[in-house]
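Student:
Residue numbers (our numbering): 31 to 584.
Given below as structure tokens:
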């Protein structure tokens, strides 16, 4: 079997698995967020944090809950790292430096999971499990909660109430993320991923010296890393490491895990707004972009010229032999079109155009299918933009799901789509203009610029993957990337929740002959076009200086 055919068959198997999980998981999540009953363990949690889960919140109160919980999480994780040297199970590792502790705390709380450190050489068991793994759960649950609040904004009328943040947060963890992660961890352990609390071991002699590895609760963290579209790995090699991702099957299984909730949330959306067809339209948009990007990536990685690449069956540099070009291409596209950031290959070693595809996937806003929750609310904001554009074409006040898209709503949507590109481009320009950040670049020219552009695209879009070749463990990058992560996560949430509150206050508008049918393929095409055009106009000059210049020159 040739490598191209193998990659295509793996893609078809992945699509089939996602299709099988789509309806039951989407229906289940709709029931989770529509139920008025609380599990006993959830009641204990509410009592412990002093929250009343039955109190409805307007968008300012919902936002305060999101920001307060996240702020406390940042402080807790920061202190945990700073005190690591005094904690049991630290494996002898010292406290994390202040700037790196800030970067890591903001990274995991914002669901970015950017890492400027070697996990196996810096973090002990307590920080990994009680700190990083816990944030993998709750940061993902925050994203789903905000998405559900926006969906309620479309579903409700003549009220500003969007539900209860604390209830949505707890249910997301106890009823969705935790059960899925337990099952996923068992599968990974059965397939060879490690799960222990062992210390540091010497595993052999290499070139006159010994190689050391430490164990850890890897499979359990790997499970929520993918299920929650987090991406932070126990080891520096991330999902290329055989302890995290031992076989081709686990590689495909991990891709399935990082895609299943974002895709299934479109079904949840359709059920909650009372139109499953609307959910299918959003799903079709996400799937079209995802499959299109995979096809482009496979083409660039398999068809690149050169005798060495042809003999190897594709651009094998930076890729694991056990995984191959096809599966690495699927993983790279899936992880950058979601907010996962996990990697099973070095994106810096992809072809010039292939590296550009990974960057563009993040710059779209990670909406195809995006992160847990963040992908859905990002795509719904883009749907509002597309409806507004269609309204301008025909001279009619735009409507979406029975809600008028007026001046207030379009301002919130416009602010949402502008804030992240502004962060990426401003920080990239500053890093290139100042003398000190440039010292961290391993490469010069177009590829060196791509390293910087990729880093800030990854941080501001809360992805977390790295282009490699950039030494990000400096005060400049730890601080600016941390700031980009915080602003890139919470400023968009402000506009999303404000938009949700505005929509919930409206009364439904009956559909007429002039209403744009947003459940039809025509709207799906319009939405795909709007996403690509807006992103292209925003980022094309920067991409032309980096991956496009490198790809065309090679």
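We treat Cβ as the ideally placed atom computed from N, Cα and C, and that holds for glycine.
All values reported here derive from a predicted model rather than from experimental measurement.
Hey, how far is the Cα of residue 373 from the Cα of residue 354?
Tutor: C-alpha separation (whole angstroms): 13 Å.
Student: Would you please state the rounded distance, in angstroms, between the beta carbons of residue 296 and residue 282? I believe it to be under 8 Å.
Tutor: Contact flag wrong, Cβ pair sits at about 22 Å.
Student: So for residue 474, helix, strand or coil by DSSP?
Tutor: Coil at residue 474, not helix or strand.
Student: So, for residue 278: in the same chain, excluding its five sequence neighbours on each side, which residues have a beta-carbon less than 7 Å away from its beta-carbon?
Tutor: Only 352, 353 and 357 meet the Cβ criterion.
Student: Tell me residue 230's beta-bridge partners as DSSP assigns them.
Tutor: Per DSSP, 244.
Student: Rounded to whole angstroms, what's the CA-CA distance from residue 390 to residue 82? Just pull it up for me.
Tutor: Residue 390 and residue 82: Cα-Cα distance of roughly 42 Å.
Student: Quick check on this structure: which residue in 143, 99 and 71 has the alpha carbon closest to the alpha carbon of residue 494?
Tutor: For residue 494, the nearest C-alpha among the options comes from 143.
Student: Would you report the Cα separation of residue 579 and residue 378, rounded to the nearest angstrom?
Tutor: Their backbone Cα atoms lie some 15 Å apart in a straight line.
Student: Measuring CB atoms only, is the stretch 435–455 touching the stretch 199–211, in the sense that at least three cross pairs come out at less than 8 Å?
Tutor: No: fewer than three Cβ pairs fall under 8 Å.
Student: What is the rounded straight-line gap between the Cα of residue 216 and the Cα of residue 546?
Tutor: So the alpha carbons of these two residues sit roughly 47 Å apart.
Student: Around the Cβ of residue 250, are there at least 16 other Cβ atoms within 10 angstroms (buried) or fewer (exposed)?
Tutor: Buried is the call here.
Student: At 4 residues or longer, what runs of the alpha helix (DSSP H) sit wholly inside the stretch 435–510?
Tutor: The stretch 435–510 contains these whole alpha helix (DSSP H) runs: 437–463 and 475–490.
Student: So residue 223 is in the alpha helix (DSSP H); what residue range does that whole segment cover?
Tutor: Looking at the DSSP string, residue 223 is not in any alpha helix (DSSP H), and its letter there is neither H nor E.
Student: Tell me the rounded alpha-carbon separation between residue 543 and residue 521.
Tutor: About 37 Å.
Student: Leaving out five residues on either side along the sequence, give the residues of the same chain with a beta carbon under 6 Å from the beta carbon of residue 119.
Tutor: Once the five neighbours on either side are set aside, the close Cβ partners of residue 119 are 154, 155 and 156.
Student: Pick out the complete alpha helix (DSSP H) segments inside the stretch 262–303, 4 residues or longer, and give them in chain order.
Tutor: With a minimum length of 4 residues, the continuous alpha helix (DSSP H) runs that stay inside the stretch 262–303 are 278–302.
Student: How should residue 196 be labelled, buried or exposed, when 16 other C-beta atoms within 10 angstroms of its C-beta is the threshold for buried?
Tutor: Its Cβ being crowded by 16 or more others within 10 Å, residue 196 is buried.
Student: Do you know offhand how far residue 484's Cα is from residue 496's?
Tutor: Using only the alpha carbons, I get a separation of about 7 Å.
Student: Might you give, ordered along the chain, the residues of its own chain that have their beta carbon closer than 7 Å to the beta carbon of residue 224, omitting 5 neighbours on each side?
Tutor: The answer, listed in chain order, is 245, 248, 249 and 273.
Student: For the alpha helix (DSSP H) containing residue 332, name the first residue and the last one.
Tutor: Start and end: 306–332.
Student: Quick one: grab the DSSP three-state call for residue 396.
Tutor: The answer is coil: DSSP assigns residue 396 none of H, G, I, E or B.
Student: Drop a sphere of 10 angstroms on the beta-carbon of residue 307, count the other beta-carbons inside from all chains shown, and report buried for 16 or more, exposed for fewer.
Tutor: Residue 307 comes out exposed.
Student: Counting along the chain, where does the alpha helix (DSSP H) carrying residue 196 start and finish?
Tutor: Segment 195–201, the alpha helix (DSSP H) holding residue 196.
Student: Take residue 536 and list the residues in its own chain whose beta-carbon comes closer than 7 Å to its own, dropping the five residues that flank it on each side.
Tutor: These residues qualify, in order along the chain: 187, 433 and 434.
Student: Tell me residue 349's beta-bridge partners as DSSP assigns them.
Tutor: Looking at the DSSP assignment, residue 349 forms a beta bridge with 375.
Student: Quickly, what does DSSP pair residue 88 with across the bridge? List them, please.
Tutor: Residue 88 pairs with 191.
Student: Are three or more beta carbon pairs between the stretch 395–404 and the stretch 287–294 nearer than 8 Å?
Tutor: Touching, yes.
Student: Do residue 524 and residue 588 count as a contact pair if the criterion is CB distance below 8 Å?
Tutor: Since the displayed the chain opens at 31 and closes at 584, residue 588 lies outside it and no answer follows.
Student: Pairs of beta-carbons, one from the stretch 68–86 and one from the stretch 508–518, closer than 8 Å: are there three or more?
Tutor: No contact exists between the stretch 68–86 and the stretch 508–518.
Student: Where DSSP assigns a beta bridge to residue 52, which residues make up the other side?
Tutor: Per DSSP, none; premise fails for residue 52.
Student: When the Cα of residue 571 is compared with those of 458, 539, 533 and 532, which residue comes out closest?
Tutor: The shortest Cα separation from residue 571 among 458, 539, 533 and 532 belongs to 458.
Student: Straight-line CA distance for residue 206 to residue 55?
Tutor: Going from the Cα of residue 206 to the Cα of residue 55 covers about 9 Å.
Student: For residue 549, does the three-state DSSP call read helix, strand or coil?
Tutor: Residue 549: coil per DSSP, three-state reduction.
Student: So is residue 203 buried or exposed if we call it buried at 16+ other beta carbons inside 10 Å?
Tutor: Looking at its Cβ environment, which holds 16 or more other Cβ atoms inside 10 Å, residue 203 is buried.
Student: Looking at the unbroken alpha helix (DSSP H) that takes in residue 360, where does it start and where does it end?
Tutor: From DSSP, the alpha helix (DSSP H) with residue 360 extends over 354–367.
Student: If I measure Cβ to Cβ from residue 361 and keep anything under 6 Å in the same chain, skipping five residues before and after, which residues do I get?
Tutor: Excluding positions up to five away in sequence, the list reads 285 and 374.
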